[in-house]
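Below is one structure, written out as structure tokens, with a few remarks after it.
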Amino acid sequence: MTIDSVEGHRPEEIRAVPLRHPGRWAATAVLLVLAAMLVHDIVTNPRFGWGVVGNYFFATPVVDGVEKTLELTFVAMAIGVVLGVLFAVMRLSPNPILSGAAWLYIWFFRGTPVYVQLLFWYVIAVLQPTISIGIPFGPEFVHMSANTIVTPFVAALLGLGLNEGAYYAEIVRAGILSVDHGQFEAAQSLGMRRAPLMRRIVLPQAMRVIVPPTGNETISMLKTTSLAVVVTYPELLYQTENIAARTFETIPLYIMASFWYLLMTTVLTMGQYYVERYYARGTSYALPPTPIQRIRRNLTTLRRVPFSPTGLGGL
Amino acid sequence: MIRAEAVHKRYGLAEVLKGITLEVAPREVMCLLGPSGSGKSTFLRCINHLEKINSGRLYVDGSLVGYQERGGRLHELREREVCRRRTEIGMVFQRFNLFPHMTALENVVIAPVLVKKEAKTAAVTRARALLDRVGLSNKVDAYPNQLSGGQQQRVAIARALAMQPKLMLFDEPTSALDPELVGEVLDVMRALAEEGMTMIVVTHEIGFAREVGDTLVFIDEGVVVEAGVPREVIANPQHERTKAFLSKVF
């Protein structure tokens, strides 16, 4: 073996003829034709009723429904997150009663359709006409009619929140299990007790695993709120169906509702991206670029990299 | 400082410690040597009750580890008490185990503030002094993944010292380091020994054991095979297994 350590000599830059990709061009042509056909139909088919979509997009009941959808999404999600963390920590507890109770909860609420759960909460007054507060099996102090407590909003919250809690518990549990065992030992050896150890050491590290599915769950929740129609909660889909029942413009109104859902999930997707970046702290040397940074970089590299199979423009 | 009397530890059917008896005096530096799987790390983890022993008695500073003896029976200690005793014992791990979501400074500050309820400003001042002492005053704001292995291990030592322990346990502190980084960690440990810290060090660094250790204990298959002054044990091992092991390590 010979080692030549002469520096300074540098062979000329490689300028090869790029590989041709005829298949890509053919596929592009086919897709463009299909897209043109689709756009043509959307524009010329009067049954889409674009005018109706536009007329109702910002109608008062619709905007009101959007507000209620968002409200339901966030409150139900908050309930789900709180219950999920609680049941995940319980599930991993050394106490068999606690972990058994958490198992039972997850088993039941994950094992029945959320639609059926919502129906049950809607008719809860039939099963349990009054709700009382008092000493168990002893005297009761306060009686209330179930119908006054479980309003459509509460029924929707209970149905969606309890169901989400069961799913979220499994997400949090996966996150906790993903944290290196050495972290538990290091914290224990410093004298930390279980609660601060979980809160300050384990959960922040578990977040990196928990956050991406949380975004997924929030988006899923936003769409699942449409099931609150069955408990007569006036969210977006309920309002849409109301208008449709009056005007018989069913398809344009469903298109309008879909646009609203898409708009809201798009905003959530963007939010998720930034939350993920925050929890990536201390795990990679450089954070991934934000979409704006990426677009800027793409624009500057576009001329040099005409086609990138990953769609990331030479990243 | 530490007294172990016939300490046994089983995992299922496998007996890892088969009667360890030894004593560590205050200010003593004891080095534990032995092949992997011999039980030396397990013994270390028993001392701060990360592992429960199955029989025998283990005392730190005169009190039983993990239990309380009342009326001739052992009672398990409450979590609060187990944790309080752990604060008096610092531990350094082979894989560093720094908290990756915190900077070097935050790693050192968290336990005094969270566990000992020290004031934040006082804890930060002391943490800076400790990081300075391990030679990392310019790395206080670095996250663990921005530090070399040797630097991470020095932060880990500072983190353990922040609790002002009476005793330090080192579990193969240099085994995961590149050879050229071993020295900087051993230097910190040597300085600590010179200040009079009581230390138990599981290590394969024969040179460190010979120069810094007051006693050397050779453990194999869960028993103490040989113990004595490091220089003498290393130069003139009495037992066949010690001879065989030392001949391979050198």
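So the sequence lines, in the order shown, correspond to chains A and B.
Counting in this note's numbering, the first sequence runs from 1 upward without gaps.
Counting in this note's numbering, the second sequence runs from 1 upward without gaps.
We treat Cβ as the ideally placed atom computed from N, Cα and C, and that holds for glycine.
Interface partners of residue i on chain A, CB under 8 Å
{"i": "residue 80 of chain B", "result": "193"}
{"i": "residue 163 of chain B", "result": "190, 191"}
Closer than 7 Å to chain B by CB, residue i
{"i": "residue 308 of chain A", "result": "Note that residue 308 of chain A scores 45 on pLDDT, short of 50, meaning its location in the model is unreliable and no value can be drawn from it."}
{"i": "residue 176 of chain A", "result": "no"}
{"i": "residue 212 of chain A", "result": "no"}
{"i": "residue 182 of chain A", "result": "yes"}
{"i": "residue 96 of chain A", "result": "no"}
{"i": "residue 291 of chain A", "result": "no"}
{"i": "residue 152 of chain A", "result": "no"}
{"i": "residue 305 of chain A", "result": "Since pLDDT at residue 305 of chain A reaches only 47, below the 50 mark, its modelled position is unreliable, and the value read off the structure follows with that caveat. Output row for residue 305 of chain A: interface = no."}
Residue span of the alpha helix (DSSP H) that contains residue i, given as start and end
{"i": "residue 97 of chain A", "result": "96–111"}
{"i": "residue 153 of chain A", "result": "152–177"}
{"i": "residue 256 of chain A", "result": "250–279"}
{"i": "residue 20 of chain B", "result": "Note, residue 20 of chain B: premise wrong, no alpha helix (DSSP H); beta strand (DSSP E) at 14–24."}
{"i": "residue 200 of chain B", "result": "No alpha helix (DSSP H) holds residue 200 of chain B; the beta strand (DSSP E) holding it covers 198–202."}
{"i": "residue 114 of chain B", "result": "104–114"}
{"i": "residue 208 of chain B", "result": "206–212"}
Interface residues of chain B facing residue i [CB-CB closer than 9 Å]
{"i": "residue 185 of chain A", "result": "45, 50, 91, 93, 97"}
Interface partners of residue i on chain A, CB under 9 Å
{"i": "residue 111 of chain B", "result": "187, 190, 191, 192"}
{"i": "residue 174 of chain B", "result": "Correct list: empty, because the minimum Cβ distance to chain A is about 16 Å."}
Short CB-CB distance (under 7 Å) between residue i and chain A
{"i": "residue 115 of chain B", "result": "yes"}
{"i": "residue 203 of chain B", "result": "no"}
{"i": "residue 42 of chain B", "result": "no"}
{"i": "residue 126 of chain B", "result": "no"}
{"i": "residue 86 of chain B", "result": "yes"}
{"i": "residue 83 of chain B", "result": "yes"}
{"i": "residue 1 of chain B", "result": "no"}
{"i": "residue 237 of chain B", "result": "no"}
Closest Cα partner of residue i within the set the options
{"i": "residue 256 of chain A", "options": "A:217, A:270, A:54", "result": "A:54"}
{"i": "residue 16 of chain B", "options": "B:233, B:239, B:220", "result": "B:220"}
{"i": "residue 222 of chain A", "options": "A:43, A:268, A:181, A:32", "result": "A:268"}
{"i": "residue 205 of chain B", "options": "B:32, B:19, B:150", "result": "B:32"}
{"i": "residue 50 of chain A", "options": "A:61, A:134, A:250", "result": "A:250"}
{"i": "residue 106 of chain B", "options": "B:63, B:144, B:196", "result": "B:144"}
{"i": "residue 73 of chain B", "options": "B:165, B:79, B:64", "result": "B:64"}
{"i": "residue 275 of chain A", "options": "A:261, A:264, A:262, A:290", "result": "A:290"}
{"i": "residue 62 of chain B", "options": "B:238, B:135, B:2", "result": "B:2"}
{"i": "residue 113 of chain B", "options": "B:139, B:101, B:127", "result": "B:127"}
{"i": "residue 217 of chain B", "options": "B:245, B:81, B:176", "result": "B:245"}
{"i": "residue 26 of chain B", "options": "B:7, B:134, B:200", "result": "B:200"}
{"i": "residue 83 of chain B", "options": "B:29, B:116, B:249", "result": "B:116"}
{"i": "residue 80 of chain A", "options": "A:157, A:186, A:21", "result": "A:157"}
{"i": "residue 46 of chain B", "options": "B:213, B:4, B:75, B:161", "result": "B:4"}
{"i": "residue 107 of chain A", "options": "A:22, A:217, A:271, A:91", "result": "A:91"}
Heavy atom of the ligand SAH within 6 Å of residue i beta-carbon
{"i": "residue 212 of chain A", "result": "Ligands are entirely absent from the displayed structure, and the ligand SAH is therefore not among its contents."}
Chain-ordered chain B contacts of residue i [CB-CB under 8 Å]
{"i": "residue 196 of chain A", "result": "114, 115"}
Range covered by the beta strand (DSSP E) that runs through residue i
{"i": "residue 32 of chain B", "result": "29–33"}
{"i": "residue 6 of chain B", "result": "2–11"}
{"i": "residue 137 of chain A", "result": "Segment: none, residue 137 of chain A is in no beta strand (DSSP E) and carries neither H nor E."}
{"i": "residue 75 of chain B", "result": "73–76"}
{"i": "residue 123 of chain A", "result": "Note, residue 123 of chain A: premise wrong, no beta strand (DSSP E); not H, not E."}
{"i": "residue 56 of chain B", "result": "55–60"}
{"i": "residue 216 of chain B", "result": "215–220"}
Touching by the beta-carbon criterion (3+ pairs, under 8 Å), the segment 67–74 of chain A and the segment 222–242 of chain A = yes
Between the segment 196–221 of chain B and chain C, which residues of the former have a C-beta closer than 7 Å to a C-beta of the latter?
-> Going by chain labels, chain C is absent from the structure shown, which instead holds the protein chains A and B.
Counting pairs of Cβ atoms below 8 Å between the segment 157–167 of chain B and the segment 179–199 of chain B, do you hit three or more?
-> yes
Any contact of the segment 80–97 of chain B with the segment 166–177 of chain B, i.e. 3+ C-beta pairs under 8 Å?
-> yes
Is it true that the segment 207–223 of chain B meets the segment 35–44 of chain B, where meeting means three or more beta-carbon pairs spaced less than 8 Å apart?
-> yes
Stretch-stretch touch, CB-based, cutoff 8 Å, three pairs: the segment 62–76 of chain B with the segment 137–152 of chain B = no
Do the segment 83–98 of chain A and the segment 155–169 of chain A make contact, defined as three or more Cβ pairs closer than 8 Å?
-> yes
Is it true that the segment 193–211 of chain A meets the segment 121–137 of chain B, where meeting means three or more beta-carbon pairs spaced less than 8 Å apart?
-> no
Is there contact here, the segment 151–166 of chain A with the segment 187–199 of chain A, by at least three beta-carbon pairs under 8 Å?
-> no
Quick one: any contact between the segment 121–129 of chain A and the segment 145–160 of chain A, if contact means 3 or more CB pairs under 8 Å?
-> yes
May I ask you to verify whether the segment 78–87 of chain B touches the segment 182–194 of chain A, counting CB pairs closer than 8 Å and requiring at least 3?
-> yes
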